[in-house]
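Visitor: Mind looking over this structure? Questions follow.
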Amino acid sequence: MSDVFVINEKAYRAKKILSNVASYAFLTLVAVIILVPFYWMLLTSLKSQLLMEEIPPLLWLKPSQWQLSNYSSLFALVQSGPRAGSPLFPFFTYLRNTVVVSIITTAGTTITTILAAYAFARLNFKGRDVVFAILLGTMMVPGEIFILTNFLTIAKLGLYTWDQTYGQVLIAMTVPFMTSVFYTFYLRQTFKQIPNELYYAAKVDGTSDFGYLLRVMIPVASPTIVTIIILNSMGAWSAYVWPAMVTMKDEYRLVSNGLRGAFTDTGSGRTDFGQQMAAATLVTVPLLILFFTFRKQIMRGVSRSGIKG
Amino acid sequence: METKNNWKAWLYLAPMLLLMSVFTFYPLINAFIISFYKGFRPLQNSIEGFTLLGNYLLILRNPLFWNAMKNTFVIAFISVPVSIFLSLAIAVGLKSIPKLNKFFQTIFFLPYVTNSIAVGMAFAVMFHKNYGLINAILERLGFAGRIDWIGGTSSWWTQMVALLIFTVWESLAFKILVFTSGMQNIDKQYYDAAKIDSASKWTVFRRITVPLLSPIILYISITSMIGALKAYNSVIGLFGIKLGNPSNSMITIVAFVYKYRAELASPGYYSYAAASAIILFIITVVFSLIQGVVSKKRVHY
Amino acid sequence: MDIKMVNLTKIFTSKNRKEVQAVSHVDLTIPSGKLIGLLGPSGCGKSTTLYLIAGLLKQNEGQIFFGDDEVSEMPPEKRGIGLVFQNYALYPHFTVRENILFPLQNLHVPKEEAKTRTYDMAKLVGLEEMLDRKPKELSGGQQQRVAIARALVKKPRVLLLDEPLSNLDARLRLQTREEIKRIQRETGITTVFVTHDQEEAMSISDEIVVMKDGVIQQMGQPQDVYDHPDNLFVAKFLGSPQINVFDSTIEAGKVLIDGMAIGATELPDQKVIIGIRPEGLQVDKTKTSPFKFEIDLVETIGRDTTLIIEVTSEESTLLDKKTFKAIVDAENRIKPKDVIHFVVKPEKMHIFGLDGNRL
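Line order of the protein sequences matches chains A, B and C. Note that my numbering gives residue 254 to position 254 of the first sequence, counting from 1, and the numbers run on in steps of one. To convert, count from 1 in the second sequence and add 1000; that's my numbering. To convert, count from 1 in the third sequence and add 2000; that's my numbering.
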């Protein structure tokens, strides 16, 4: 009996090890596929024009072959074409614009979201469920539908003119996006998990509704609010359509449309992949830094949003 | 608290409702109205009359729109099942390993936090005929002739393959994360019971994991289907604003909307944009309704 | 400060628009400085009554007075109450100190005074060493005491406790019970204590109020209520093991169960319901009593022996149950299958009419 057991045990272990090896191999392969585009981006950005044009392409570079000229040339002034006289890719201008837009939008969204989520989670009022259902319904509507009229609204408000100012651009880029039904829904769920008794206790302790929101609800729900702030701030980095639509001047662009614009508008000549990838790297790195700083909050927030719907 | 603080509640809601009335509710209604205009000049704000279905019929007769429909549906119906299957497999793989889960999870999540345009441009370089990584690898593997994937001599097929690969790559991150956390919520005792019943790994996956995960799988299928129907940034990232070779060969419905929207000076074009956006809206509603029906019938524990 | 409720009524409307009177025309005066146990099965309206006193719910009818001061329309924060919740409702992001301090901040008590009062209160509940901890770093009993300190720190006129012990384990429950009693004695504050546990209420309260279906059944000192229940419900609700209840008749001044005379009464002839406390059944060593049964089970715990008698007869006179119990002295050394003659202690026998009210 014990012999049989030992043999089975060995076979079982071998099988276990084998399947572990297979799992690790599969996951490593996927990891490589996920990482390769980033690697290729960085590698290409470091290649000189000469190395770039080598066929078949070089798959790695020795440190001595690294070239930063692609990066510095991004800031050189364009000689001809519609963008003559401005830098090819004024990354730091775009970065500043993106950060400013991101901060304003996020501040606005956080405030409107907290107030609305509080009303939906804690206050009783006529028509609450109807309003909430209507708001949820708007999540199904493709954003393209809103954009058509919103552009006209912005134009009518005189925010889209030839002599558009930075302030006008900021209003146009931020105000339409200062609400989020999704985050309201998400925060309402968190607010609802805070026990009723806490609200009653605060009432007995002499707090007003607003005081309760500020002193109890917000601190207790702060992990969710931080997640919302982080996820929302990242939105400005990938915003492409709207900023492209409402900015008249090149210097007002955000990183995404600045990036695409810089390498589509260049009138003549070959596409310089080195420069393109240098710019793409510059756009990607800050996001990755943000991600690794707040990895836990971001991944938790995104996974919850997926499960709860 | 049961006192009815009606006006107070509306005060809390006011900022959101105010902004949404201007930038969500009004535009939604207005999009329908615009789609019924004849000869609408948005900058002058003038129209030549109304038409009930005129703009819709014009779109439906436009071959470019059908090209956009074809591309959009190909993207949705291929990339969504493929990415769901792959991410399920990856999530199962992640569950089966004893160590390094967090490490792999973090790597797999990277595409979610990057920018479609920037990574799309990197994919464009990877698919380059002469300087790209893909052809270099194919050559190492013994496929001699270099394929022009997305360049001047490329075909619709190669461009679509490149776009699908990029789309799947991009969309894995979210699904892997959601499936992984979904599986963590499955009670471990089911797996222990299956072990005692000496079920094979494949059986466990098919008979336990997938059924217990089915609500999440369905939810993800529908939301990513709707997301895929709105494909745009990835196309712009990979092909630039020319939208492929020849121009517009990779156009999607959303790209079609924006193409006509951009023609502010041409009378009536804005209405085409509105009408096509509404067609997209109707398609998404249909998909959501299908979700409602299917989830009632098929999703079970 | 006594609490007076006049004709207090609270109606809830459920989702299908059915109206339920959770508290029905309650007239009740809670004497000043006493600890009152509000007792009843779940859904009897005891917590609703407490929330009405607190002002967290608003009555449909009736009035509430604290002393001569009518508080019926006052919001909770104006009433001067301290409230302890079943799950304590401590603010999880505040330390113990901040939790106790919070009501004082809302009342804009000067900083120095607030500090002293917080410390004194923490000392009263024995937590002065724990002031800088967060609630989750405390045991259940300690959290409970923080909740009491928070309720008392603003010197409320009345202290309300909503099932405060139900989240504690058995041993801690006994300890905390004593603790609450001590704190109440030391502060002399009028206290209302809601519980569904009759033993808890009896042991802690100066007086108990028994409720059922939103109606007050009886109020009085715990032992009085136990010894003289006004109705069958109160008789059954108090006491463990439960009172034994029999169908019975009165004939010519004799109380008969199944034809066996168990006691005497001056009541006229009629059908009645008889309740006999288990400790009211005593072994008749002379074996002359007609009230005799074969014993089915015997449980001896220390001094007391519980006899369990199964009634097999088809026409059982026993109400609700198949068995009844007697608690006798362990010295009797009774074994299963023994046939025992019982005599009934007259003061442990209660006679109710068929409507359940005491005769």
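Glycine included, C-beta positions come from ideal geometry on N, C-alpha and C. If you're wondering where the values come from, they're calculated on a predicted model, not measured in any experiment.
So residue 2022 (chain C) is in the beta strand (DSSP E); what residue range does that whole segment cover?
Guide: Run containing residue 2022 (chain C): 2019 to 2030, per the beta strand (DSSP E) assignment.
Visitor: Please list the terminal residues of the continuous alpha helix (DSSP H) segment that includes residue 203 (chain A).
Guide: Unbroken alpha helix (DSSP H) run through residue 203 (chain A): 196 to 204.
Visitor: Within the same chain, show all residues whose beta-carbon is closer than 6 Å to that of residue 1080 (chain B), passing over the 5 residues directly before and after it, in chain order.
Guide: Here the set comprises 1224, 1225 and 1228.
Visitor: Closer than 7 Å, Cβ to Cβ, to anything on chain A: give me those residues from the stretch 2054 to 2080 of chain C, in chain order.
Guide: Going along the stretch 2054 to 2080 of chain C in chain order, one finds 2054, 2056, 2076 and 2077 with a Cβ nearer than 7 Å to chain A.
Visitor: At the level of alpha carbons, what is the spacing between residue 1244 (chain B) and residue 1134 (chain B)?
Guide: Near 19 Å, if we compare the C-alpha coordinates of residue 1134 (chain B) and residue 1244 (chain B).
Visitor: Mind pulling the chain A residues with CB within less than 9 Å of residue 1230 (chain B)?
Guide: Neighbours of residue 1230 (chain B) on chain A, chain order: 142, 143 and 144.
Visitor: Looking at the C-beta of residue 90 (chain A), does it have a partner C-beta in chain C at a distance below 9 Å?
Guide: Closer than 9 Å: no.
Visitor: Residues bridged to residue 2341 (chain C) by DSSP?
Guide: Beta-bridge pairing links residue 2341 (chain C) to C:2292.
Visitor: Between the C-alpha atoms of residue 1296 (chain B) and residue 1289 (chain B), what's the straight-line distance to the nearest angstrom?
Guide: Distance between the alpha carbons of residue 1296 (chain B) and residue 1289 (chain B): 11 Å.
Visitor: Using only alpha-carbon positions, find the residue among B:1020, B:1027, B:1053 and B:1046 that is nearest to residue 1036 (chain B).
Guide: The option with the nearest alpha carbon to residue 1036 (chain B) is B:1053.
Visitor: Locate the alpha helix (DSSP H) running through residue 1203 (chain B), then write down its first and last residues.
Guide: 1201 to 1204 is the span of the alpha helix (DSSP H), which, as asked, contains residue 1203 (chain B).
Visitor: So, does the stretch 1135 to 1147 of chain B touch the stretch 1194 to 1205 of chain B, judging by three or more C-beta pairs under 8 Å?
Guide: Touching, no, given that fewer than three Cβ pairs across the two stretches are closer than 8 Å.
Visitor: Out of A:207, A:293 and A:303, state which residue places its alpha-carbon closest to the alpha-carbon of residue 2102 (chain C).
Guide: Of the candidates A:207, A:293 and A:303, the one whose C-alpha sits nearest the C-alpha of residue 2102 (chain C) is A:207.
Visitor: Exposed or buried, what is residue 50 (chain A) when buried is set at 16 or more other beta-carbons lying within 10 Å of its beta-carbon?
Guide: With fewer than 16 other Cβ atoms within 10 Å, it is exposed.
Visitor: Could you spell out where the beta strand (DSSP E) holding residue 137 (chain A) opens and where it closes?
Guide: Where residue 137 (chain A) is concerned, there is no enclosing beta strand (DSSP E), although the alpha helix (DSSP H) it sits in stretches over 128 to 138.
Visitor: When you compare the CB of residue 1026 (chain B) with every CB in chain A, is at least one pair closer than 9 Å?
Guide: Residue 1026 (chain B) counts as touching chain A.
Visitor: According to the neighbour-count rule (16 or more other Cβ atoms, all chains shown, within 10 Å of its Cβ), is residue 2114 (chain C) buried or exposed?
Guide: Answer is buried; the Cβ neighbour count reaches 16.
Visitor: Quick one: Cα of residue 2295 (chain C) to Cα of residue 2243 (chain C), how far?
Guide: Their backbone Cα atoms lie some 18 Å apart in a straight line.
Visitor: Apart from the five residues on each side of it in sequence, which residues of its chain come closer than 7 Å, Cβ to Cβ, to residue 1058 (chain B)?
Guide: Cβ within range, chain order: 1272.
Visitor: Return the first residue and the last residue of the alpha helix (DSSP H) that residue 210 (chain A) is part of.
Guide: It spans 209 to 212 - the alpha helix (DSSP H) in which residue 210 (chain A) sits, taken as one unbroken run.
Visitor: Taking the alpha helix (DSSP H) that residue 2010 (chain C) belongs to, which residues open and close that run?
Guide: Where residue 2010 (chain C) is concerned, there is no enclosing alpha helix (DSSP H), although the beta strand (DSSP E) it sits in stretches over 2003 to 2013.
Visitor: Examine chain A for any beta-carbon lying closer than 9 Å to the beta-carbon of residue 2085 (chain C), and answer yes or no.
Guide: Cβ-Cβ to chain A under 9 Å: yes for residue 2085 (chain C).
Visitor: Let me make sure I understand the geometry here. Which of B:1117, B:1011 and B:1240 has the alpha-carbon closest to that of residue 256 (chain A)?
Guide: Checked all of B:1117, B:1011 and B:1240; the closest Cα to residue 256 (chain A) is B:1117.
Visitor: When DSSP labels each residue in this structure, what does residue 2264 (chain C) get in the three-state scheme?
Guide: Residue state, collapsed to three classes: strand.
Visitor: Got a sec, what are the start and stop residues for the alpha helix (DSSP H) residue 2186 (chain C) sits in?
Guide: Residues 2170 to 2187.
Visitor: Between which two residues does the alpha helix (DSSP H) holding residue 101 (chain A) run?
Guide: 91 to 122 is the extent of the alpha helix (DSSP H) around residue 101 (chain A).
Visitor: Closest to residue 160 (chain A) by CA distance: which of A:16, A:249, A:43 and A:196 is it?
Guide: When only C-alpha atoms are compared, the closest one is A:249.
Visitor: Over what stretch of residues does the beta strand (DSSP E) that includes residue 2329 (chain C) continue unbroken?
Guide: Element bounds for residue 2329 (chain C): 2323 to 2329.
Visitor: In the DSSP assignment, the alpha helix (DSSP H) including residue 193 (chain A) goes from what residue to what residue?
Guide: Taken as a continuous stretch (DSSP letters only), the alpha helix (DSSP H) holding residue 193 (chain A) covers 181 to 193.
Visitor: Out of A:238, A:246, A:252 and A:303, which has the shortest C-alpha to C-alpha gap to residue 280 (chain A)?
Guide: Looking at the Cα atoms, A:238 is the closest of the given residues.
Visitor: I'd like the span of the beta strand (DSSP E) that includes residue 2238 (chain C), first residue to last.
Guide: Unbroken run through residue 2238 (chain C): none, as it is neither H nor E.
Visitor: Along chain A, in chain order, which residues have C-beta atoms closer than 9 Å to that of residue 2122 (chain C)?
Guide: The contacting residues do not exist; residue 2122 (chain C) stays about 16 Å from chain A at best.
Visitor: List, in order along the chain, the chain C residues whose C-beta lies closer than 9 Å to that of residue 200 (chain A)?
Guide: Those within 9 Å of residue 200 (chain A) in chain C are 2051, 2054, 2056, 2076, 2083, 2085 and 2089.
Visitor: Under a three-way DSSP split, which group does residue 1295 (chain B) fall into?
Guide: Residue 1295 (chain B) falls in the helix class under three-state DSSP.
Visitor: Is the CB of residue 216 (chain A) under 9 Å away from at least one CB in chain B?
Guide: By this cut-off, residue 216 (chain A) is not an interface position.
Visitor: By DSSP, does residue 1288 (chain B) sit in helix, in strand, or in coil?
Guide: Here residue 1288 (chain B) sits in helix by DSSP.
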